[in-house]
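All remarks here apply to the structure that follows.
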Amino acid sequence: MRGILGNKSFTWWQITLLSMMIFSPLFSMSLNSDLGADSTGYIDRQLCRPPLYPIFIWAFHIFGNQQLIVARWAQTIFTFVSLLYAGRWIQVNLEMPRLLSFLILLSVTMVISLYTHTLELIFSEGIAFPIFIYTFLLFVETCNKLETKKLAGVTLGISLLILTRHQFYYLYPVAITCLAWHLWKKESRKKILANLMIIILFTFTTAVLTQVYYHAIGKERGPSSNASDWQYTGWKVLVQPIYLADLTATKYFTNPAEKTLFLAILQHLEKDQYTRNSASSLRDINNLRAAEYHYISNLGRLQDSLRRAIEQNTPSGKSVNEVDSLLSHMSKILFMHSFKENISFYILRVTHYSGGLWIFLSSLLVLFLIFYRIVTDRDWRPTIEQLFIMISILFIFVNAAVVAVVESDTPRFFYYSIFLYFCLFGLLAKKFYKNPALYPAP
442 MRGILGNKSF TWWQITLLSM MIFSPLFSMS LNSDLGADST GYIDRQLCRP PLYPIFIWAF
502 HIFGNQQLIV ARWAQTIFTF VSLLYAGRWI QVNLEMPRLL SFLILLSVTM VISLYTHTLE
562 LIFSEGIAFP IFIYTFLLFV ETCNKLETKK LAGVTLGISL LILTRHQFYY LYPVAITCLA
622 WHLWKKESRK KILANLMIII LFTFTTAVLT QVYYHAIGKE RGPSSNASDW QYTGWKVLVQ
682 PIYLADLTAT KYFTNPAEKT LFLAILQHLE KDQYTRNSAS SLRDINNLRA AEYHYISNLG
742 RLQDSLRRAI EQNTPSGKSV NEVDSLLSHM SKILFMHSFK ENISFYILRV THYSGGLWIF
802 LSSLLVLFLI FYRIVTDRDW RPTIEQLFIM ISILFIFVNA AVVAVVESDT PRFFYYSIFL
862 YFCLFGLLAK KFYKNPALYP AP
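Laid out in structure tokens, this is it:
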């Protein structure tokens, strides 16, 4: 494959327009610029943040008071180069017309620069997105042909993504799915086992590096005193079950501490109108679709209200870890006693995070047909374009399922899916192109 700026990848005016689109917002930055709601956690290396992006920010401390400006320029350059690489990759591997690949990159750049402005802020997506692009495209190549060197590159990329954002833990199972795919295609078991060991090695190394970092930062800052801090997960998994709950759920708790804490939290949330039953805007509390819209629209405020309630009503005599375990157990009790409702509500959120109900159902249809073809035709050897479609839909669904567990409907969590959707619709649009001049030179 030629370099990302290989012969006739893009014309000079296309690269100029893309660079103007992505870099021009940076010229308005100053020392007093808004850094984003989550910036403090990365700048101060708080325990709730994975290590890679705080280390990335820290690396520019040599620039003094210009540190954060230089860091934002660096992440923008990284993103720009990765987009050019993606454009060249889809031209070569998917035979995408040059103009169409340019329009895909332009659309992604417009989302980043004109809609979310992420590269102007201190958000980990500044480096997670370009790492994802490299990792995803290499993953497609690895699914097409199993090569140990490429799989090692994919696994390294996955480790870097996990060290940047917690939402990417799902990628290790996805990598193992790639090996299962090659095993199904009658690849050598010895080769499969050797590549599995690579995944296990990277998984172990990533876990060790993460714990070493948190241990070092924890010694520097001391233990937390509040189970509602962002580093804990108990309160995060409680959000949906307690939103759907009402006072009748009190009977599910046999532990007095859990019952008391549940009542205190629920009353606090109902006072703020952040439960389904207390929301004044909901005319029909049994309408899960309306409740889901209210939930997503207010999730950030709901999380803040829940954290305040926990902080104000933490049981005395219990450590932070004990309270965190208590909250996790409470969420399980609420979820299991209203299992059907919680599952239905969760599925609604996944459909929303996948692009909407109709796009979700359409993609599910494609995924079902792909699965049927795989099961019924073991000798099928999909083209790299077919693999790209299969893997894109899989990534979009799994990413939506993971984010729906604890996160809000924030566009920056879905850059990865947005990029893939643009590519998928680009493949559809390609079917209407007949002009050879629009294709890259061989």
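883 is the number that our numbering gives the last residue of the sequence shown; the numbers go up by one with no jumps.
Note that beta-carbon positions come from the ideal geometry of N, C-alpha and C, so glycine has one too.
Taking the Cα of isoleucine 815 as reference, the smallest distance to any Cα among Ser803, Leu805, Met831 and Ile498 is reached at Met831. The segment 531-604 is shown to contain whole alpha helix (DSSP H) runs of 4 or more residues at 539-551, 566-585 and 589-603, in chain order.
CA-to-CA, the gap between lysine 677 and histidine 623 works out to about 37 angstroms.
The beta carbons of serine 858 and glycine 796 sit closer together than 9 angstroms. Counting the other Cβ atoms within 10 Å of the Cβ of cysteine 864 gives 16 or more, which makes it buried. The three-state reading of DSSP puts lysine 631 in helix, counting H, G and I together. Here DSSP, grouped into helix, strand and coil, assigns serine 760 to coil.
Looking from the CA of isoleucine 825, the closest CA among Ile751, Leu458, Gln532 and Ile837 belongs to Gln532.
Under the 10 Å beta carbon count, glutamine 507 is surrounded by fewer than 16 other beta carbons and is classified as exposed. Counting the other CB atoms within 10 Å of its CB gives isoleucine 784 a total below 16, which places it among the exposed residues. Annotated as distal: isoleucine 706 and arginine 717, with beta-carbon spacing of 9 angstroms or more. Contact between the segment 643-657 and the segment 598-615 is established, with three or more Cβ pairs separated by less than 8 angstroms. The beta strand (DSSP E) runs lying completely inside the segment 669-731 and spanning 3 residues or more number zero.
Out of Asp818, Ile811 and Asp475, the CA that lies nearest to the CA of lysine 627 is found in Asp818. If you draw a 10 Å sphere on the C-beta of arginine 742, you find fewer than 16 other C-beta atoms in it, and that means exposed. Taking 9 angstroms as the cut-off, the Cβ atoms of phenylalanine 521 and leucine 459 count as close. In the structure shown, arginine 490 falls within a coil segment according to DSSP collapsed to helix, strand and coil. Here DSSP, grouped into helix, strand and coil, assigns methionine 771 to helix.
The residue from Thr674, Leu798, Ser721 and Arg822 with its alpha-carbon nearest to that of asparagine 762 is Thr674.
Contact between glycine 867 and isoleucine 553 is ruled out by a C-beta separation of about 17 angstroms, above the 8 angstroms threshold. By the criterion of a C-beta distance shorter than 7 angstroms, serine 548 is surrounded in its chain by Phe863, once the five residues flanking it on both sides are discounted. Listed in chain order, the non-local C-beta contacts of methionine 537 below 7 angstroms within the same chain comprise Ile531, Gly867 and Lys871, local neighbours out to five positions each way being set aside. A distance below 6 angstroms between beta-carbons, with the five flanking residues on each side excluded, links phenylalanine 504 to the following residues of its chain, in chain order: Val511. Note on phenylalanine 468: under 16 other CB atoms within 10 angstroms of its CB, so exposed under the neighbour-count rule.
Using a Cβ-Cβ distance cut-off of 8 angstroms, the segment 572-589 and the segment 475-484 are not in contact, since fewer than three pairs of beta carbons, one from each stretch, lie closer than that value. Each residue's CA atom was taken as its position, placing glycine 528 and phenylalanine 609 some 23 angstroms apart. In the structure shown, leucine 476 adopts coil according to DSSP, grouped into three states. Going by C-alpha positions, phenylalanine 780 is about 15 angstroms away from threonine 689. Positions of the beta strand (DSSP E) runs, each at least 3 residues long and wholly inside the segment 631-660, cannot be given because no such run exists. Per DSSP, tyrosine 787 is one residue of the alpha helix (DSSP H) stretching across 780-794. The criterion of a C-beta distance shorter than 9 angstroms is not satisfied by leucine 810 and phenylalanine 577. Per the Cβ contact rule, the segment 483-495 is in contact with the segment 555-565 (3 or more Cβ pairs under 8 angstroms). Cβ neighbours of glutamine 714 within its own chain (closer than 7 angstroms, five residues either side excluded): Ala720 and Ser721. If you compare the alpha carbons of Leu602, Tyr794 and Trp799 with that of tyrosine 734, the shortest gap goes to Tyr794. When the five nearest sequence neighbours on each side are left out, the beta carbons in the same chain lying within less than 7 angstroms of the beta carbon of threonine 583 are those of Lys591, Leu592, Val595 and Cys619, in order along the chain. In this structure, the alpha-carbon of tyrosine 736 lies about 8 angstroms from that of tyrosine 684.
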